[in-house]
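Report on one structure; see the data block that follows.
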Amino acid sequence: MVSAASALLLARFQFAFTVGVHIVFPAFSIGLAAYLAVLEGLWLRTDKQVYLDLYRYWIKIFSVVFGMGVVSGLVMSYEFGTNWSVFSQKAGPITGVLLSYEVMTAFFLEAGFLGVMLFGMNKVGRGLHFAATCCVSVGTLISMTWILASNSWMQTPASYSIDPATGRFMPEDWLAIIFNPSFPYRLVHMGMAAFLSVAFIIGGTAAWHMMRDRRKGLPISQPVKVMFSMAMWMATIVAPLQILAGDAHGLNTLKHQPVKIAALEGDWETESRAPEILFGIPNMKTEHTDYAIKLPFAGSLILTHSLDGKVPGMKDFPADQRPPSPIIFFTFRIMIALGMLMAATGFLSLYMRWRGRLFTSPLLHRMALVMAPSGFLALLCGWVTTEVGRQPWTVYGLLRTADSVSPIMLPSMAISMTAFVVVYVIVFGTGIGILLRMLSRQPEEGEHDLSEQGTASVLGTRSHPETVLSSPDHGA
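Counting in this note's numbering, the sequence shown runs from 3 upward without gaps.
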């Protein structure tokens, strides 16, 4: 019995580990593909070289990110069969179909136009190349849509019947399945998270180059100025909108998954005029949040938009149906804190723009650099909150996680888990190192196209030795 429980825990951790690594790259691809489409569109509209230079710079980053996203995603397909075969058998008639739609639409669209986008700049007309970039960008959004439709159905299942002989979930109305109660909110929230995450990577990269050039006494290049300005506009506009989208998502979760809200808030008793617990340590054994620091009435106001609103407590639900509150209590607060800091960075940039100091403010540049990974950290914390908050269910309220796992043995799970960690650290650690090396090279006026460069140039060094030796950034 202990061995089976340990194997289940390892199976869950393995999937969480592989998904956690994977999700960063699709989110990066979604935001960066849209950015590339905007850059190419601006270049075609204005004929300004700076937009083409930035396009050529960031498409190299996109090629590596997209590749790592594909590789990391393949693993999870096998995990559904090896570790979660019971879930696949029972939920497959719905989730399997939704995931196959993702392959037949998004994957084929991306695969069909990716080569033109990466290597066709000088081989096809401008309009056709722009269309290819747009198709890849739309493909990433379609992929996100199908994945979230499947995952959202697991959170708020709708329009199904259960076969009494097999226990399988049989679809009834596909539109109701796709547009299940949580899907629209989660789609908007995830889309904005992807755009915001990439905006802060771009802004942080530009800030680093500006700080380095200022330290060396060099003028800031036009491409760096443009990408920093665009990133800060995105932060200024999207970060507040993301907070509003998160609030709407929270109201939807309160309606359909109240125990998740109770767990992430650390609330045990149902009450009106509930306080907001800013900090505490939820104790699942004593059913109490220790060391709680509370803000009076704020819990009801935030969760129900009314001072008299009723906020659910975990004691209203059986103990075996409560998610682990200590985990999602903190991941939720980290996500919220990062979101507020991203909005603050955007507002600071707006103030500095108004003062004419957008490209000269050391405070803004340091803040943008520190906040560079904040979008992805918030995204990971949000997904942990969402997925752990669904426990102990894989299909909320219907199929338990313990009943979804394959009949696996603890030794085999331990071996595969160890292998995954070692391989992922080597492969994706190397990939991230390559990305950082590429980002450390400043975009230049007259940036080379991806199809014109050798491997050395793609990885962040010039293809001509004499160019490297004459560059002011050499050795930086």
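For glycine and all other residues, C-beta sits at the position ideal for the given N, C-alpha and C.
The structure presented is a predicted model; accordingly, all values stated were derived computationally and were not measured.
7 Å CB neighbourhood of residue i in its chain, flanking five on each side removed
| i | result |
| --- | --- |
| residue 126 | 118 |
| residue 46 | 128 and 132 |
| residue 27 | 67, 70, 71 and 74 |
| residue 192 | 146 and 150 |
| residue 303 | 309 |
| residue 245 | 341 and 345 |
| residue 376 | 202, 340, 343 and 344 |
| residue 363 | 354 |
Through-space distance from residue j to residue i, alpha-carbon basis
| i | j | result |
| --- | --- | --- |
| residue 316 | residue 290 | 10 Å |
| residue 36 | residue 136 | 8 Å |
| residue 418 | residue 411 | 11 Å |
| residue 414 | residue 253 | 42 Å |
| residue 224 | residue 21 | 38 Å |
| residue 184 | residue 259 | 10 Å |
| residue 221 | residue 361 | 11 Å |
| residue 124 | residue 57 | 14 Å |
| residue 177 | residue 324 | 30 Å |
| residue 263 | residue 306 | 12 Å |
| residue 438 | residue 314 | 45 Å |
| residue 34 | residue 232 | 13 Å |
| residue 353 | residue 311 | 37 Å |
| residue 322 | residue 257 | 20 Å |
| residue 443 | residue 194 | 28 Å |
| residue 16 | residue 243 | 34 Å |
| residue 247 | residue 219 | 43 Å |
| residue 339 | residue 382 | 13 Å |
| residue 287 | residue 84 | 34 Å |
| residue 480 | residue 32 | What the structure shows of the chain is the stretch from 3 to 478, and residue 480 is not part of that stretch, so it cannot be assessed. |
| residue 25 | residue 428 | 18 Å |
| residue 332 | residue 283 | 9 Å |
| residue 274 | residue 268 | 15 Å |
| residue 555 | residue 433 | With the chain running from 3 to 478 in the structure shown, residue 555 is simply not present. |
| residue 14 | residue 394 | 11 Å |
| residue 113 | residue 23 | 22 Å |
| residue 76 | residue 164 | 29 Å |
| residue 101 | residue 189 | 16 Å |
| residue 217 | residue 230 | 18 Å |
Opposing strand residues paired with residue i [DSSP bridges]
| i | result |
| --- | --- |
| residue 162 | 173 |
| residue 278 | 297 |
| residue 290 | 285 |
| residue 402 | 395 |
| residue 312 | 274 |
Beta-carbon proximity check, residue i vs residue j, cutoff 8 Å
| i | j | result |
| --- | --- | --- |
| residue 61 | residue 179 | no |
| residue 396 | residue 64 | no |
| residue 300 | residue 271 | no |
| residue 198 | residue 228 | no |
| residue 384 | residue 330 | no |
| residue 250 | residue 187 | yes |
| residue 104 | residue 149 | yes |
| residue 51 | residue 447 | yes |
| residue 10 | residue 404 | yes |
| residue 337 | residue 387 | yes |
| residue 209 | residue 380 | no |
| residue 2 | residue 93 | Residue coverage of the chain in this structure runs from 3 to 478, which leaves residue 2 outside it and unanswerable. |
| residue 327 | residue 265 | yes |
| residue 226 | residue 213 | no |
| residue 206 | residue 234 | no |
| residue 421 | residue 12 | no |
| residue 445 | residue 55 | yes |
Own chain residues within Cβ distance below 8 Å of residue i, not counting five before or after
| i | result |
| --- | --- |
| residue 173 | 95, 96, 99, 161, 162 and 179 |
| residue 111 | 137, 138, 140, 141 and 144 |
| residue 423 | 19 |
| residue 30 | 67, 71, 196, 199, 200, 203 and 378 |
| residue 349 | 238 |
| residue 399 | 159 |
| residue 167 | none |
Residues of its chain near residue i, where Cβ-Cβ distance is below 6 Å and the 5 sequence neighbours each way are ignored
| i | result |
| --- | --- |
| residue 236 | 201 |
| residue 285 | 292 |
| residue 53 | 41, 44 and 45 |
| residue 373 | 202 and 347 |
| residue 115 | 134, 137 and 138 |
| residue 408 | 85 and 87 |
| residue 175 | 161 |
| residue 215 | 222 |
Proximity test, Cβ basis, 8 Å: residue i and chain B
| i | result |
| --- | --- |
| residue 157 | Looking at the structure shown, chain B is missing, and only one protein chain is on hand. |
Residue ranges of each alpha helix (DSSP H) within the region 77-160, 4 or longer: 87-104, 110-121 and 128-157, all fully within the region 77-160.
Please go through the region 194-242 and give each complete beta strand (DSSP E) segment of 3 or more residues, from N-terminal end onward. Within the region 194-242, no run of beta strand (DSSP E) at least 3 residues long lies entirely inside it.
Which complete beta strand (DSSP E) runs does the region 304-354 hold, if anything under 3 residues is left out? Fully enclosed beta strand (DSSP E) runs of 3 or longer: not present.
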